[in-house]
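Trainee: Questions regarding the structure given below will be posed in turn.
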Amino acid sequence: MIDSLRQKPVFRFAPSPNGLLHLGHAFSALLNQNMAQALDARLLLRIEDIDLSRCTPALEAAILSDLDWLGIEFEQPPRRQSDHFGDYRAALDGLIAAELVYPSFMTRGEVKAHVAAFEAREGRPWPRDPDGSPHYPPSDRGLPMEERQKRLACGMKHAWRLDMAAAIARLDAPLSWQETGDGQTGTIAADPAAWGDVVLSRSDAPSSYHLSVSLDDALQGVTHVVRGLDLFHATSVHRLLQQLLGLPAPVYHHHRLIPGPDGRKLSKSFGDTGLSALRQAGASPADIRRLVGL
1 MIDSLRQKPV
11 FRFAPSPNGL
21 LHLGHAFSAL
31 LNQNMAQALD
41 ARLLLRIEDI
51 DLSRCTPALE
61 AAILSDLDWL
71 GIEFEQPPRR
81 QSDHFGDYRA
91 ALDGLIAAEL
101 VYPSFMTRGE
111 VKAHVAAFEA
121 REGRPWPRDP
131 DGSPHYPPSD
141 RGLPMEERQK
151 RLACGMKHAW
161 RLDMAAAIAR
171 LDAPLSWQET
181 GDGQTGTIAA
191 DPAAWGDVVL
201 SRSDAPSSYH
211 LSVSLDDALQ
221 GVTHVVRGLD
231 LFHATSVHRL
241 LQQLLGLPAP
251 VYHHHRLIPG
261 PDGRKLSKSF
271 GDTGLSALRQ
281 AGASPADIRR
291 LVGL
């Protein structure tokens with residue numbers, strides 16, 4: 001029985017309980033189910049609750065209720081990221097020991113001011129990642145070890161960031177991934193440098209999305225990652241982390257997004273496209289499938 005489970009493809013749906021599910025989440029969950037069934041694959045549920053300040057048991061219960069109402073069956077029990085902070089810390093410690101991460105001490109306000117001053121002085125834009133956020137300034141990356149240790153010893157708040165240039169220099173070959181989704185397909189060249197020195201851990205969150213999702217997919221044996229096109233470019237970072245940590249690479253399928261009333265990507269603030277609101281208005285699971293094009 002165990003051997004047969006290991007041989008099957010593995011899909012996962014991974015919501016974050018920091019808000020209620022909307023139509024976009026429903027589409028992703030249902031698509032995962034459809035694709036898993038087509039391959040006679042396992043379907044896992046992961047609760048991505050590393051943000052302890054925003055994720056709540058009540059929201060998790062609401063998510064589980066909506067998924068059950070949709071008729072989606074997952075293997076039990078679900079994996080909760082909050083139960084595995086030790087796994088993420090061990091991976092981070094390995095990267096620290098390999099001198100591939102460094103502590104960064106600038107606040108968001110300080111980064112914003114630094115970028116604004118540069119752009120005013122130089123008359124050209126500061127580098128930004130695919131999501132539009134500015135790259136972190138290089139000052140902390142080159143901080144002398146003595147000063148770095150001094151700041152850490154006195155308890156100065158910090159995040160741990162991947163030294164992108166050092167990480168890429170460790171690669172033996174260019175990175176890529178296999179894509180079967182709604183945009184580009186085939187072998188996709190990864191470009192992790194576009195993200196700058198990404199955060200892997202903060203003082204208020206023991207792991208970042210990038211680190212935890214890369215590790216969780218490997219630890220759960222996920223072979224197929226089905227998620228929205230808004231995460232297409234982030235796959236470059238995940239492929240880099242997989243390579244650095246010696247993790248396998250799944251096949252990726254980035255699907256179309258369900259637009260909100262104003263044509264933009266749905267967010268959890270859209271109450272009228274939330275599953276709970278649609279349920280209360282009398283919608284059925286079949287109605288949801290029709291609304292998302294399934």
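The sequence shown runs contiguously to residue 294 in the UniProt record's numbering.
Note that CB positions come from ideal geometry on N, CA and C, so glycine has one too.
Please read all numbers here as calculations on a predicted model, not as lab measurements.
1) Tell whether a beta-carbon distance below 8 Å holds between residue 253 and residue 226.
2) So, helix, strand or coil for residue 146, using DSSP?
3) Looking at the secondary structure, which residues open and close the beta strand (DSSP E) in which residue 178 lies?
4) Consult DSSP for residue 151 and reduce its assignment to one of helix, strand or coil.
5) Which word fits residue 14, buried or exposed, when buried means at least 16 other C-beta atoms lie within 10 angstroms of its C-beta?
6) Determine whether the beta carbon atoms of residue 173 and residue 50 lie at a separation below 8 Å.
7) In chain order, what residues of the same chain lie with their CB nearer than 8 Å to the CB of residue 152, ignoring the 5 residues before and after it?
8) For residue 53, I'd like the list of residues in its chain whose CB is within less than 6 Å of its CB, leaving aside the five on either flank, ordered along the chain.
9) Are the stretch 129-146 and the stretch 182-202 touching, with three or more C-beta to C-beta distances below 8 Å?
10) Nearer than 7 Å: is that true of the beta carbon of residue 21 relative to any heavy atom of the ligand FAD?
11) Please name the residue, chosen from 42, 47, 41 and 43, that lies closest to residue 20 on a Cα-to-Cα basis.
12) From 81, 106 and 7, pick the residue whose C-alpha is nearest to that of residue 215; which is it?
Mentor: So, to answer that:
1) Looking up residue 253 in the sequence shown gives position 253. Looking up residue 226 in the sequence shown gives position 226. Closer than 8 Å, so yes.
2) Numbered from 1 along the sequence shown, position 146 holds the residue referred to as residue 146. Three-state result, residue 146: helix.
3) Within the sequence shown, numbered from 1, the residue matching residue 178 stands at position 178. Counting along the chain, the beta strand (DSSP E) containing residue 178 begins and ends at 176-179.
4) As a working note, residue 151 is residue 151 in the sequence shown. Looking at residue 151 - three-state DSSP - the assignment turns out to be helix.
5) In the sequence shown, the residue the question calls residue 14 occupies position 14. So residue 14 counts as buried.
6) Along the sequence shown, read from residue 1 onward, the residue named residue 173 stands at position 173. Along the sequence shown, read from residue 1 onward, the residue named residue 50 stands at position 50. In this structure, residue 50 does not lie closer than 8 Å to residue 173 by Cβ.
7) Reading the sequence shown from its first residue, position 152 is the one you call residue 152. If we look at residue 152 and ignore the five residues flanking it on each side, its Cβ neighbours are 103 and 158.
8) Sequence index remark: in the sequence shown, residue 53 carries index 53 (1-based). Correct list: empty, nothing qualifies.
9) yes
10) Only the bare structure without any ligand can be found here, which leaves the ligand FAD out of the picture.
11) Along the sequence shown, one-based indexing puts residue 20 at 20. Taking only the C-alpha atoms, the option nearest residue 20 is 47.
12) To locate residue 215, count along the sequence shown from 1; it is residue 215. If we check each option's Cα against that of residue 215, 81 comes out closest.
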